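Structure first, commentary second.
Protein chains: 2
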Amino acid sequence: MPRTSSTRPPGGAATLQQVATAAGVSLATASRVLHGSGGRRVAEELAERVTAAAAELRYVAHAPAQSLARSRSTVVGVLVHDIADPYFAAIAAGAMQVAREHDLMVLVANTFRDPALERDYLARLRAQRARAMLLAGSAFAGEPFAEELAGFAAAGGRVAAIGARGEGIDTVEPDHAGGGRLVAEHLTALGHREIGVITGPAGLATVAQRLSGFTEVVARPHVAGSDFTREGGRAAAHELLRAHPGLTAVFALNDLMAAGALAALREAGRSVPGEVSVVGFDDLPVATDLTPGLTTVRLDLTGIGAQAMRLLLDDEPGGRTRPAPAELVIRASTGPARP
Amino acid sequence: MPRTSSTRPPGGAATLQQVATAAGVSLATASRVLHGSGGRRVAEELAERVTAAAAELRYVAHAPAQSLARSRSTVVGVLVHDIADPYFAAIAAGAMQVAREHDLMVLVANTFRDPALERDYLARLRAQRARAMLLAGSAFAGEPFAEELAGFAAAGGRVAAIGARGEGIDTVEPDHAGGGRLVAEHLTALGHREIGVITGPAGLATVAQRLSGFTEVVARPHVAGSDFTREGGRAAAHELLRAHPGLTAVFALNDLMAAGALAALREAGRSVPGEVSVVGFDDLPVATDLTPGLTTVRLDLTGIGAQAMRLLLDDEPGGRTRPAPAELVIRASTGPARP
DNA sequence: TCGCGGGCGGAAAGCGCTTTCCACCCTCCT
DNA sequence: AGGAGGGTGGAAAGCGCTTTCCGCCCGCGA
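Just so you know, the protein sequences line up as chains B and Y, in that order. Using numbering that gives the first Met the number 0, read the first sequence as starting at 0 and increasing by one per residue. Using numbering that gives the first Met the number 0, read the second sequence as starting at 0 and increasing by one per residue.
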């Protein structure tokens, strides 16, 4: 039976050895031609023979073997709470764009906001010897996480996070507090005094920061809510309306909840912004399509993801912080307070 | 200097050899204890010593080395057009859920609808020796793709796709045509005769199928559009309105474009559904929050992603097809045609 | 008491690649 | 013309793990 003469490698993929043999050169030479770091040159003719043989055999280097030999892999990890959430999807998209510019593949870990799962993924990413990992939706602190992260860093992995995570970790810090402040200033300028805030889960750092920025300006808002979803926003808005009928404005800590609030207001027969103004946060694409168009705070999520990945992949020492600005986008859902 | 006595492995991660030495057993025994496939048993006491040593050294197996030795990796690939698009994000989320049940990690390849990039990712996934790959947004056909895929399959990789892709490939087939038919039936039942359709990129199979299902019932709709985005929908709606002022209904081939159409109708001062009815496709979360609520076709995207991943990971022979039903969700954006 | 077989630990041979080191050959200089 | 030196190909030693195969030791039966 002929061996190296068939076009398709017999079973499984072709190995570098097969390519070398087919080209009549040594393994080392084939390696240098195909993956050589450029430091070493190979004669034109041999190089061509190798390239041809590789193409013929449809050779693709065995990435795990390469990782092992080089002791550096070509994957990076991205940890998100939920990839189906547009907030994280946008961050991931930005990160992936940059990763691909660096010829890296992205391993996405969907933690579903479960701390146990998150720990597990951290370990698996470490097991993969990922070049770096981006903590995009990772609000959990505590001993085991810090240890896992330290272990990862000790083994040469880089870590970056969206939102403060701890020292030594590169972070891109979206200006949640500043955004909250902008909203508060906007609403007070419009004459609103009775303002309700719809919050998300208490433990989430982003929530705390958005709220604290807001309360720097508006000392004692009425607060309700718990779940970071549309339904959570709807329920919280109803609750707020019941408890404080005099409310003239509602600030939902993200756009999803704002959409819910808008629905609740509609159900309650309150006009927006005639009777009640509504503000969201994130400026997801949906904000434009709500009725009325939602006034909200824009975060350049894709840019943030991209920047974090850039931090991860350059060779500077870690521990840097890059602020990401928040910007108020005024649409139709806010207006002057009724007298 | 003491060697194995420190808690944290000196530099880099601990190796199995270090664990074995610390436990006073051989490499083989340590491997059997920590990753043994169960076929072989190890005495209780030794096993405990190994486990303890591993914990102490925070040992995590080197995944690439394991892949190499076992010649089977623990990653699967998911190819999408754009992870920031909620359509693909939902599919990916479903796939990831199942992957994690199988203890697999997911490599996400974002092709940005670029054929060259897509080919490249196919090769890289092959290089990683991914256990399987899911083609979620991959509309490109042609020689090079088929070859790449064949190479992957020949090497033992499984391939599944959302939407027909070719023989031998497991596929989950969303009933795009059926959805289109449902829309057509709904609109004609409401008395609509002059109907405009807003399509996406011509090459996309999903677009073609949705449209063909529709035209089975409504022979000659007015067609416009090209881009699968909100803005594309908006522009196309304006165009349709200009060309066919008598239009009483618009069917946008996805919800994003429907949102744009709704905006265009608002701009043109046409009431929905009073003067013009609007229907979308996909039932993205945004559909509820549009005004009026969007009548659309629901596809269980998460379920589709999950099912595709399940197909990928069971051990049955490939080439199966699983239909995924489409369901009409009637909301406020459709009503009887004006007489 | 001796022999045999089963059970279990260890040595070692890879998995596919990178990279160091060596040897060779050719060219250039004196 | 002879020797030194640069450039280039090849042999081989790993990278960290799995898994086969070997051999030891123990318990049992005759």
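Where is the CB? At the ideal position from N, CA and C, for every residue including glycine. This one's a predicted model, so the numbers in the text were calculated from it and none came from an experiment.
- Short of 8 Å from the beta carbon of residue 119 of chain Y, and not among the five residues preceding or following it, lies no beta carbon of its own chain.
- In the assembly as shown, residue 185 of chain B is a buried residue. Its beta-carbon has 16 or more other beta-carbons within 10 Å.
- Judged by DSSP secondary structure, residue 85 of chain B falls within the alpha helix (DSSP H) whose first and last residues are 85 to 100.
- Under a 10 Å Cβ-count criterion, residue 245 of chain B is classified as exposed, with fewer than 16 other Cβ atoms of the shown protein chains found around its own Cβ.
- Per DSSP, residue 172 of chain Y lies in no alpha helix (DSSP H); the unbroken beta strand (DSSP E) holding it starts and ends at 169 to 173.
- Contact check for residue 318 of chain Y and residue 167 of chain Y: beta-carbon distance about 5 Å, within the 8 Å limit, so the pair qualifies.
- For residue 82 of chain Y, the secondary structure class from DSSP, reduced to helix, strand or coil, is coil.
- By the beta-carbon neighbour count (other beta carbons within 10 angstroms, threshold 16), residue 276 of chain B is buried.
- Residues of the region 213 to 246 of chain Y with a C-beta atom less than 9 Å from some C-beta of chain B are 229, listed in chain order.
- Nearest neighbour of residue 320 of chain Y by Cα position, chosen from Y:20, Y:169, Y:196, Y:247, turns out to be Y:169.
- Scanning its chain for C-beta atoms nearer than 8 Å, with the 5 sequence neighbours on each side dropped, one finds around residue 82 of chain B the residues 88, 91, 107, 109, in chain order.
- Around the beta carbon of residue 17 of chain Y, 16 or more other beta carbons sit within 10 angstroms, so the residue counts as buried.
- Of the other Cβ atoms in all chains shown, 16 or more fall within 10 Å of the Cβ of residue 232 of chain B; this residue is therefore buried.
- Taking 7 Å as the CB threshold, residue 114 of chain B stays off the interface with chain Y.
- For residue 282 of chain Y, DSSP records no beta bridge to any residue.
- Apart from sequence neighbours up to five positions away, the residues of its chain that approach residue 52 of chain B with a beta-carbon distance below 6 Å are 18, 21, 22, ordered along the chain.
- Going by DSSP, residue 320 of chain B is part of the beta strand (DSSP E) stretching over 320 to 323.
- DSSP assignment within the region 204 to 245 of chain B yields the following whole beta strand (DSSP E) runs of 3 residues or more, N-terminal first: 221 to 223.
- Assigned with DSSP and collapsed to three states, residue 329 of chain Y falls in coil, not helix or strand.
- With 16 or more other Cβ atoms from the protein chains shown falling within 10 Å of its own Cβ, residue 76 of chain B counts as buried.
- Flagged as an interface residue toward chain Y: residue 127 of chain B, by a C-beta distance shorter than 7 Å.
- In the three-state DSSP reduction, residue 54 of chain Y falls in the helix class (H, G or I).
- The Cβ atoms of residue 300 of chain Y and residue 254 of chain Y lie no closer than 7 Å to each other.
- Residue-level contact check: residue 110 of chain B does not touch chain Y, since none of the beta carbons of chain Y fall below 7 Å from its beta carbon.
- The Cβ atoms of residue 257 of chain B and residue 251 of chain B lie closer than 7 Å to each other.
- Under the 7 Å criterion on CB atoms, residue 66 of chain B is classed as interfacial with respect to chain Y.
- In this structure, the beta-carbon distance from residue 298 of chain B to residue 332 of chain B does not fall below 7 Å.
- Using a Cβ-Cβ cut-off of 7 Å, residue 59 of chain B is close to 122, 125, 126 of chain Y, given in chain order.
- A straight-line Cα-Cα distance of about 10 Å links residue 102 of chain Y and residue 123 of chain B.
- DSSP places residue 252 of chain Y outside both helix and strand once states are collapsed to three, so it counts as coil.
- Rounded to the nearest angstrom, the gap between the Cα atoms of residue 96 of chain Y and residue 265 of chain B is 35 Å.
- At a cut-off of 7 Å, the C-beta of residue 32 of chain Y has no neighbouring C-beta in chain B.
- In the DSSP assignment, residue 68 of chain Y falls within the unbroken alpha helix (DSSP H) covering 62 to 69.
- For residue 304 of chain B, no beta strand (DSSP E) encloses it; the enclosing alpha helix (DSSP H) starts and ends at 300 to 312.
- Taking C-beta atoms under 8 Å as the contact rule, residue 279 of chain B and residue 295 of chain B qualify, at a distance of about 4 Å.
- With the criterion set as a beta carbon lying under 8 Å from some beta carbon of chain Y, the members of the region 266 to 296 of chain B are 284, 285, 287, 288, 289, 290, in sequence order.
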